[in-house]
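Notes for the one structure printed next.
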Amino acid sequence: MARLTKRQKAIAAKVKPNHAYPATEAFELLKEVSSVKFVESVDVAVQLGVDPRRSDQMVRGATVLPHGTGKSVRVAVFAQGANAEAATAAGADIVGFEDLAAEIKQGRMDFDVVIASPDAMRVVGQLGQVLGPRGLMPNPKVGTVAVDVAGAVRNAKAGQVRYRTEKGGIIHCTIGKVDFTPENLIGNLNALLADLNKAKPSAAKGIYMQRVSVSSTMGPGLMLDMSTLSA
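Under our numbering, the first residue of the sequence shown is numbered 2, with each subsequent residue one higher.
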């Protein structure tokens, strides 16, 4: 059996096993036990009552977190003409068309999000093998293929997060940093849960929102008392 480090023992002493924490208490505890030399991200895992193997029960979408993610996001946009100008004015870091596609093919990908106008998809479509495995392929379901490219850029910059059901029907998502106030983290989490409820597949039966847990990058996972959330 692996021996616990001093840090792990300190965390274990403060965490109650199998306890459902009120949201405010959970976020305060994640901040309290953080002892690393960087500001940890706060992640959420939501267990949904869906079967992700069935296409009619796949949950996928995007949420603009009201208090952002605490991360600086670099946005690349495939657009031309007026759309390119609008994207630049909205704060896009990189704007291009076939020239941008050529750079990506050469391995230059200094960005976190890719947005495309619908007419640009004929160019972006050639990059599926490069962007797809990295989760960067634009998709209308998550708002990254958009007629309003300026709005899509602003959403990405403001803290839009994308989600989709993974194995076991779980959604994983980042909702902020440990130095956020508990109120802001709860606000972000409630925004995500509200959108997940709106995205509930009609084919899903039984209890849809089954369990919500939060964790920090290097910290423990804490189950939440869902009655303290607005979901």
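Virtual Cβ for every residue (Gly too), placed ideally from N, Cα, C.
Given a cut-off of 9 Å, decide if residue j and residue i are closer than it, judged by their beta-carbon atoms.
| i | j | result |
| --- | --- | --- |
| G50 | K206 | yes |
| D100 | A204 | no |
| V60 | S118 | no |
| P18 | T229 | no |
| A88 | I116 | yes |
| A102 | V125 | yes |
Going by Cα to Cα distance, which pick from the options is closest to residue i?
| i | options | result |
| --- | --- | --- |
| V43 | N19, D180 and L128 | D180 |
| L193 | S217, R165, I208 and T218 | R165 |
| P67 | R212, L132, K199 and N189 | N189 |
| R54 | I171, A195, I208 and K178 | I171 |
| G71 | E86, M138, V40 and A87 | V40 |
| R197 | T182, R163 and L225 | For the sequence presented, residue 197 should be read as Leu rather than Arg. Selected option, being the one with the closest Cα: R163. |
| K199 | C174, A80, G62 and H173 | G62 |
| H173 | S214, L137 and G82 | S214 |
I'd like the list of long-range same chain contacts for residue i, defined as Cβ closer than 7 Å, with 5 residues on each side in sequence excluded.
| i | result |
| --- | --- |
| M2 | Only weak support is given to the placement of M2: the predicted model assigns it a pLDDT of 47, under 50, and the question is left unresolved by the model. |
| P134 | none |
| N185 | H68 and G177 |
| M219 | V37 and E41 |
| V74 | D113, V114, A157 and K158 |
| K201 | Y209 |
Which same chain residues end up closer than 6 Å to residue i when comparing Cβ atoms and leaving out the 5 residues on each side of it in sequence?
| i | result |
| --- | --- |
| V76 | A93, D94, V114, V154 and A157 |
| T145 | I116 and P139 |
| A85 | V96 |
| A21 | M224 and D226 |
For residue i, which residues in the same chain have their Cβ closer than 8 Å to its Cβ, ignoring the five residues on either side in sequence?
| i | result |
| --- | --- |
| S231 | N191, L194 and A195 |
| G82 | none |
Closer than 8 Å to a non-hydrogen atom of the ligand MG - does that hold for the CB of residue i?
| i | result |
| --- | --- |
| K168 | For the structure depicted, the ligand MG is absent and the ligand set is empty, with no information on it obtainable. |
Meets three-Cβ-pair contact criterion under 8 Å: the segment 47 to 61 and the segment 102 to 121: no
Three CB pairs or more closer than 8 Å across the segment 23 to 40 and the segment 134 to 152: no
Which runs of the alpha helix (DSSP H) fall wholly inside the segment 183 to 231 and span at least 4 residues, in chain order? Listed in chain order, they are 183 to 199.
Ignoring anything shorter than 4 residues or poking outside the segment 28 to 103, list the alpha helix (DSSP H) runs there in chain order. 83 to 90
Which runs of the beta strand (DSSP E) fall wholly inside the segment 109 to 157 and span at least 3 residues, in chain order? 114 to 117
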